[in-house]
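Here's the structure, in structure tokens; my notes come after.
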Amino acid sequence: MEVSNVEPFIISPLRHPPPPAMENGLPHVECTHNQVLDFPAFFSIAVLWPSCGNYMLDLIVCCWTSLLALESVHPAVRMRKKYKAKAFILKIMEIVVMFVFVLLYLIGRILPLNLIDPYSTRVILCLGLIYFYYRIIYIYLPISPTLGPLLYRVKLMGTRDVISTVEVIPIQPVEQENSMTGNAQNVGLLVIFFPFNICPGKDLLTLFNALFSATASKLSAESDAIWKFQRYHLVVDFSNRLRLPAPLNVISYIIILLQFIRWLFCRALCCLNGETPPEGAKSEDRRFSIKDYTYWNQLAQEYDSSQQTKEMEQAILEKQMDMIQSLMEDFVYHKQMMQSLKSSVRELERLMNYSHVHLENIRHLANRESSVTSTWDAMTDSSSRNLPPVMNILSRRSPYPGTRVQRFPVPDKYVPWEVMWISYDPVAFTLQRSDFPVILQSHVDEDILL
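Going by the UniProt record's numbering, the sequence shown opens with residue 1, and the numbers climb by one from there.
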């Protein structure tokens with residue numbers, strides 16, 4: 001296998017890579033092919049192999065496990081340099097457990113030392129197989145948005161609910177042989193342990209269900225944030241690892257060793273020639289930036305851009321809603337102003353009607369002493385023919401001013417008075433409507449002047 005074949009897949013920032021290349025370039029896909037399928041399969045066969053096992057199979061599994069332990073050391077060292085304030089106790093314990101298991105594997109199966117019997121060796125292998133299965137689940141389960149929060153929930157239930165409940169049950173014997181003298185009976189022991197015999201069958205299961213339900217309800221609202229944090233932690237972990245997973249990471253170690261030897265050789269030559277020795281290779285000296293190598297960074301950028309677009313759309317909608325709200329407020333204000341203007345116009349019309357009434361009353365008071373004949377003579381006089389006749393406007397309007405009562409029309413032929421119709425100008429009614437006969441009450445006008 002050539003070194004050029006292990007170059008990472010370069011993702012263009014302008015478009016998505018094709019599906020086959022994108023699938024092969026994802027770090028969790030490579031590790032799935034090699035660890036989730038191959039390593040547990042070989043390990044399970046080595047554990048189930050009868051008698052003392054197969055030497056070649058045990059050698060392959062032991063070497064593979066050693067490379068897995070070395071693969072855990074490399075990102076731990078890099079993350080320790082980047083994040084010095086972070087505690088790496090669990091990571092160190094994991095590395096120590098893996099190296100101890102490799103050492104016990106070598107002593108029990110590979111090296112002919114016979115320090116551990118075959119049964120104990122098989123028990124150790126079974127425990128190691130269970131550990132690596134749980135390790136794979138713990139590492140790769142957070143990829144799923146459903147199983148990741150579920151794993152965290154189960155871990156929290158085990159560490160918080162189960163342990164706190166089991167602490168109530170006594171683990172030391174209540175009665176010893178020398179606690180009593182004479183013929184002791186176990187009645188007290190039966191009385192003391194009777195609640196604990198009933199509790200697991202009836203109450204403990206209900207208590208566990210209640211505790212688990214309470215823990216699940218507390219974490220249901222935070223499941224999305226937990227999954228994002230777990231996935232981010234997984235991305236950071238894989239970004240600090242080597243290009244190839246175990247057992248192919250031995251190629252990366254060989255490349256690193258060759259680069260280190262080359263750097264030592266160049267440093268020795270520079271020291272002999274009196275030149276400044278070159279510094280060690282840094283990650284910043286790559287041909288491409290880390291942004292080009294990381295597919296998850298591109299996904300994060302796309303997610304961030306989509307979130308910004310949603311925020312902009314939400315801001316535009318909120319701005320439009322504010323504008324519509326302001327327009328509605330202006331519309332309500334103008335509507336109130338129009339209603340106020342209409343009320344003012346009605347009041348003005350009412351005042352004008354009252355003004356007309358009062359003006360006609362004043363005219364009647366001024367002309368009370370004059371007779372109808374003199375008025376007719378003045379109207380027929382040749383010197384005043386050009387003057388317009390004075391007419392009563394209010395008495396000829398229908399309906400009555402300020403009311404909806406229609407005026408009853410009276411033609412000229414039914415008016416027996418000697419006064420001309422044009423000069424008919426009554427001031428006020430002389431009688432109430434009830435004083436008129438019943439037949440004529442429907443034709444009597446209402447008194448609107450007083």
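Idealized CB from N, CA, C, for every residue including glycine.
If you're wondering where the values come from, they're calculated on a predicted model, not measured in any experiment.
Here Ile130 is not near Leu104, since their CB atoms are 7 Å or more apart. For Ala69 and Met312, the gap between their C-alpha atoms comes out near 48 Å. DSSP places Phe229 in the helix class (H, G or I) of the three-state scheme. The residues Ile107, in chain order, have a CB closer than 7 Å to that of Leu113 in the same chain once the five nearest residues on each side in sequence are set aside. Residue Asp58 holds the alpha-carbon nearest to the alpha-carbon of Arg122 among Asp58, Ser72, Phe99 and Tyr152.
In this chain, the alpha helix (DSSP H) harbouring Leu150 covers Leu147 to Leu156. Cβ neighbours of Ser252 within its own chain (closer than 7 Å, five residues either side excluded): Leu242, Arg243 and Leu244. Spatial neighbours of Leu317 in its own chain (CB-CB distance under 7 Å, excluding positions within 5 residues in sequence) are not present. Beta-carbon to beta-carbon, Pro40 and Tyr140 are separated by about 12 Å, too far to satisfy the 8 Å threshold. The stretch 223 to 232 and the stretch 143 to 152 touch, with three or more beta-carbon pairs separated by less than 8 Å. Fewer than three pairs of CB atoms, one per stretch, sit closer than 8 Å, so the stretch 231 to 238 makes no contact with the stretch 47 to 63. Where Trp64 is concerned, the enclosing alpha helix (DSSP H) starts and stops at Tyr55 to Lys82.
Between Asn249 and Glu71, the gap from beta carbon to beta carbon is short of 7 Å.
For Asn273, the enclosing alpha helix (DSSP H) starts and ends at Asn249 to Asn273.
Close CB contacts of Pro247 within its chain, under the 8 Å cut and outside five residues either way in sequence, are with Asn34, Cys63, Trp64 and Leu67 (chain order). The straight-line gap separating the alpha-carbon atoms of Ile256 and Cys266 is approximately 15 Å.
Per the coordinates, the alpha-carbon of Ala76 lies some 38 Å from the alpha-carbon of Asn209. In this structure, Val405 is the residue among Val438, Asp435, Pro437 and Val405 with its C-alpha nearest to the C-alpha of Asp445.
The C-alpha of Lys335 lies about 14 Å from the C-alpha of Ser344. Leu156 is the residue among Lys81, Ile137, Leu264 and Leu156 whose C-alpha sits nearest the C-alpha of Leu211. Pairing Asn240 with Arg78 gives a Cβ-Cβ distance under 7 Å. When secondary structure is reduced to three states using DSSP, Pro142 falls in the helix class. Where Leu90 is concerned, the enclosing alpha helix (DSSP H) starts and stops at Ile89 to Tyr105. Around the beta carbon of Gly128, 16 or more other beta carbons lie within 10 angstroms, which makes this residue buried. Closest option to Cys126, judged by alpha-carbon separation, among Phe101, Met352 and Gln432: Phe101. For Leu48, the uninterrupted alpha helix (DSSP H) run begins and ends at Phe39 to Leu48, by DSSP. By the neighbour-count definition (other C-beta atoms within 10 Å, threshold 16), Phe43 is a buried residue. Tyr55 and Glu94 have their alpha carbons spaced roughly 26 Å apart. Annotation: Ile89 to Val96 spans about 10 Å, alpha carbon to alpha carbon. With fewer than 16 other Cβ atoms inside 10 Å of its own Cβ, Arg262 counts as exposed. When DSSP states are grouped into helix, strand and coil, Ile124 belongs to the helix group. By the criterion of a C-beta distance shorter than 7 Å, Ser306 is surrounded by no residue of its chain, once the five residues flanking it on both sides are discounted. The beta carbon of Thr215 sits closer than 8 Å to the beta carbons of Arg153, Leu156, Met157, Arg160 and Asp161 from its chain, once the five residues preceding and following it are set aside; these are given in chain order. A direct Cα-to-Cα measurement between Thr206 and Ser213 gives close to 11 Å.
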